[in-house]
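For reference, the structure discussed in these notes is given below.
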Amino acid sequence: MLQGQRILQQYCQKRTAGGLIGVLADQQTAGKATTGRHWLSPEGNMYFTLCVPLQPPTGGYGLSQTLLPVLPLLCGLVCREAVYHLVEEVLPAGDSKKMFHLQTKWPNDIVYHGKKLGGSLVEPFDEHQVLPESDAETVAHEEQQQEEAASPTIPFNANYVLIGIGLNVAAVPVLQDGGRVATCIQDVLESFCKEQHISFGESGVPRLSPRRLAHFICEAFLPYLTPGAHTPDRKSVVSEFEKYMDKSLVLHKRVTTADGQQTREEVNLKALRLNEWGHLTVRNPYGAEETLCAEYLY
Numbered sequence: 001m002l003q004g005q006r007i008l009q010q011y012c013q014k015r016t017a018g019g020l021i022g023v024l025a026d027q028q029t030a031g032k033a034t035t036g037r038h039w040l041s042p043e044g045n046m047y048f049t050l051c052v053p054l055q056p057p058t059g060g061y062g063l064s065q066t067l068l069p070v071l072p073l074l075c076g077l078v079c080r081e082a083v084y085h086l087v088e089e090v091l092p093a094g095d096s097k098k099m100f101h102l103q104t105k106w107p108n109d110i111v112y113h114g115k116k117l118g119g120s121l122v123e124p125f126d127e128h129q130v131l132p133e134s135d136a137e138t139v140a141h142e143e144q145q146q147e148e149a150a151s152p153t154i155p156f157n158a159n160y161v162l163i164g165i166g167l168n169v170a171a172v173p174v175l176q177d178g179g180r181v182a183t184c185i186q187d188v189l190e191s192f193c194k195e196q197h198i199s200f201g202e203s204g205v206p207r208l209s210p211r212r213l214a215h216f217i218c219e220a221f222l223p224y225l226t227p228g229a230h231t232p233d234r235k236s237v238v239s240e241f242e243k244y245m246d247k248s249l250v251l252h253k254r255v256t257t258a259d260g261q262q263t264r265e266e267v268n269l270k271a272l273r274l275n276e277w278g279h280l281t282v283r284n285p286y287g288a289e290e291t292l293c294a295e296y297l298y
């Protein structure tokens with residue numbers, strides 16, 4: 001994500017007005033996932049760093065500060081919507097949302113039949129920040145960003161938020177950390193077409209474009225940036241995310257071992273509900289309930 005930050009910083013410093021800016025990569029060599037894990041980045045998927053302007057205190061264009069507590073949920077909804085738009089370009093006329101059901105997993109993942117399609121990572125961004133040049137500076141910078149990403153609080157002096165989005169378009173990453181089994185949009189689409197006897201002739205199902213998916217993500221974000229009576233608020237974001245949330249998934253807390261490795265707790269957790277701030281209440285096998293705020297789950 002650091003190289004994307006450098007590119008975005010150059011654009012932001014030259015701009016006189018806020019707006020969405022994005023950097024799309026065909027492949028990543030140092031992709032970053034939640035809790036500092038390495039994001040597996042095979043070619044053929046979408047790796048998109050989106051710079052979203054925050055609304056000034058005086059009002060106007062940008063993401064409202066009131067939406068920041070639920071921004072991970074909002075990202076999940078935006079990605080879900082974008083995937084449907086991408087698939088609708090390929091399928092015959094019809095409502096793709098009625099054809100196959102994409103669900104969300106707290107706090108920002110997209111899943112299909114329990115398999116992960118992708119997720120996002122949110123960080124504050126200062127266009128005037130001095131970015132690291134040396135390897136040592138880069139390590140220190142990434143450690144600081146990991147601490148900031150673990151907190152739901154965005155500094156008041158931030159003008160933008162960076163959203164790193166990874167969605168499996170045509171390739172399924174190999175599991176290395178015991179995480180959730182993954183799938184890709186292309187496989188989901190081809191399987192669906194086979195089940196529904198939808199034929200595209202000898203050429204087969206058209207290949208999906210990561211670039212088009214990034215375009216649809218930008219389009220899906222726009223309603224949240226334009227102030228007005230119809231701009232979605234925090235309550236509607238939480239309600240919409242919960243409506244699509246797959247509560248049947250067995251969840252596990254992500255923990256760090258003594259040697260710094262990421263793994264999961266063995267205790268099974270069941271998702272129950274979201275509160276007004278988008279925090280997830282879960283129940284363990286013993287019947288006890290717990291509300292999670294900034295933790296990421298397997």
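Quick note on full-length UniProt numbering: the sequence shown kicks off at 1 and runs consecutively.
Ideal Cβ placement from N, Cα and C applies to all residues, glycine included.
Residues that DSSP places opposite residue i in a beta bridge
i: residue 119; result: 166
i: residue 22; result: 50
i: residue 289; result: 283
i: residue 263; result: 255
i: residue 125; result: 160
For residue i, the three-state DSSP class (helix, strand or coil)
i: residue 187; result: helix
i: residue 211; result: helix
i: residue 65; result: helix
i: residue 200; result: coil
i: residue 300; result: Residue 300 falls outside the range modelled here, since the chain spans only 1 to 298, and no answer is possible.
i: residue 222; result: helix
i: residue 72; result: helix
i: residue 106; result: coil
i: residue 172; result: coil
i: residue 161; result: strand
i: residue 82; result: helix
i: residue 43; result: coil
i: residue 8; result: helix
i: residue 77; result: helix
i: residue 205; result: coil
i: residue 88; result: helix
i: residue 155; result: Confidence is the limiting factor: at residue 155 the pLDDT is only 48, short of 50, which leaves the residue's position unreliable, though a coordinate-based value still follows. In the structure shown, residue 155 sits in coil (DSSP, three-state: anything other than H, G, I, E or B).
i: residue 195; result: helix
i: residue 240; result: helix
Buried versus exposed, by CB contacts within 10 Å (16 or more), residue i
i: residue 226; result: exposed
i: residue 236; result: exposed
i: residue 182; result: buried
i: residue 98; result: exposed
i: residue 87; result: buried
i: residue 230; result: exposed
i: residue 27; result: exposed
i: residue 284; result: exposed
i: residue 200; result: exposed
i: residue 273; result: exposed
i: residue 195; result: exposed
i: residue 239; result: exposed
i: residue 288; result: exposed
i: residue 197; result: exposed
i: residue 286; result: exposed
i: residue 259; result: exposed
i: residue 41; result: buried
i: residue 105; result: buried
i: residue 175; result: exposed
i: residue 102; result: buried
i: residue 123; result: buried
i: residue 111; result: buried
i: residue 222; result: exposed
i: residue 119; result: buried
N-terminal and C-terminal residue of the alpha helix (DSSP H) that residue i is part of
i: residue 282; result: Here residue 282 belongs to no alpha helix (DSSP H); instead the beta strand (DSSP E) covers 280-283.
i: residue 247; result: No alpha helix (DSSP H) contains residue 247, which DSSP labels as neither H nor E.
i: residue 97; result: 96-99
Distance between beta carbons of residue j and residue i, contact taken as under 8 Å
i: residue 206; j: residue 90; result: 5 Å
i: residue 8; j: residue 49; result: 7 Å
i: residue 245; j: residue 169; result: That pair is no contact at about 23 Å.
i: residue 161; j: residue 73; result: Not quite, the Cβ-Cβ distance comes to about 14 Å (not below 8 Å), so this is no contact.
i: residue 317; j: residue 167; result: The chain is shown from 1 up to 298; residue 317 falls before or after that span and cannot be answered.
i: residue 255; j: residue 265; result: 6 Å
i: residue 263; j: residue 279; result: Not confirmed; about 23 Å, so no contact.
Limits of the beta strand (DSSP E) - the one that residue i falls within
i: residue 180; result: Looking at the DSSP string, residue 180 is not in any beta strand (DSSP E), and its letter there is neither H nor E.
i: residue 111; result: 109-112
i: residue 58; result: Segment: none, residue 58 is in no beta strand (DSSP E) and carries neither H nor E.
Contact test: residue i Cβ vs the ligand MG heavy atom, cutoff 8 Å
i: residue 289; result: Looking for the ligand MG in the displayed structure turns up nothing, as the structure carries no ligands at all.
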